[in-house]
Amino acid sequence: METKDQKKQRKKNSGPKAAKKKKRHLQDLQLRDEEDAWKRNPKAFAFQSAVWMARSFHRTQDLKTKKHHIPVVYRTPLGPPPIVVVSTLIQCLIRNFTRQKLTEIRGPVMIVSGKKCRLTVIECGCDINMIYLAKVADLVLMLIDASFGFEMETFEFLNICQVHGFPKIMGVLTHLDFFKHNKQLKKTKKRLKHRFWTEVYLVGREIIVRC
């Protein structure tokens, strides 16, 4: 039975080791290497295709940019998110009338509550928009943080409403879960109710409690 000879190892013709061997071999033979030829005639070693050159340049730049590490931006806010629950109240009202969930509120929201009745819900913060809202609103829901009490903006808005016709106002107490004792909770409710009534002692103004 004849045995086949094993395949011989092929010598490397490219790479850094092969280039060093080739350079040494040329030096032993006292011949000039390719670097001398490139110095003598650089045009002979220039690129032949502009498209190939552009593609190779883009590929080289892509490989370089892949090695870059972009620092992650620290996006943690300095202050806490707003805790006034105005958006939560509006979302609950919309869900009560339409049976649909609205995650993000951008501007006024119109709700069709009946065949001949439409409700427009407008969210307003403590800014100059309170003047416009006091002119057009029929019913105002004022959210008051019971754990903090009345703020200066609350009385400012009540004075604005007195100038522009005084719509119906309902005060809504929030953050009642911060009170640990029922006795303190009842006292706070009573105090805030009487303070609210003395400010707006007219028909149709009341304060309600939201847990």
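Number 134 in full-length UniProt numbering belongs to position 134 of the sequence shown; there are no gaps in the numbering. Built from N, CA and C at the ideal position, the CB exists for glycine as well. As the structure is a prediction and not an experimental result, all values here were calculated from the model.
R59: member of the alpha helix (DSSP H) spanning A50 to K66, first to last residue. Non-local C-beta neighbours of K20 in its own chain, meaning closer than 7 Å and more than five positions away in sequence, are absent. Rounded to whole angstroms, the gap between the alpha carbons of K23 and V72 is 47 Å. In the structure shown, the three-state DSSP call for K168 is strand.
Around the beta carbon of T154, 16 or more other beta carbons lie within 10 angstroms, which makes this residue buried. Contact check for L143 and V85: beta-carbon distance about 7 Å, within the 8 Å limit, so the pair qualifies.
Nearest Cα to L173 within the set V163, K183, F57 and K190: K190. Judged by DSSP secondary structure, D145 falls within the beta strand (DSSP E) whose first and last residues are L139 to D145. One thing to note: I122 has its Cβ within 8 Å of the Cβ of P108. Counting the other CB atoms within 10 Å of its CB gives I169 a total of 16 or more, which places it among the buried residues. The three-state secondary structure of R99, taken from DSSP, is coil. Per the DSSP secondary-structure output, L26 pairs with nothing in a beta bridge. Using a Cβ-Cβ distance cut-off of 8 Å, the stretch 99-116 and the stretch 149-164 are not in contact, since fewer than three pairs of beta carbons, one from each stretch, lie closer than that value.
DSSP places R118 inside the beta strand (DSSP E), whose first and last residues are R118 to V121. I160: member of the alpha helix (DSSP H) spanning M152 to V163, first to last residue.
Counting the other CB atoms within 10 Å of its CB gives A18 a total below 16, which places it among the exposed residues.
Per DSSP, V85 is not a residue of any beta strand (DSSP E), being assigned neither H nor E.
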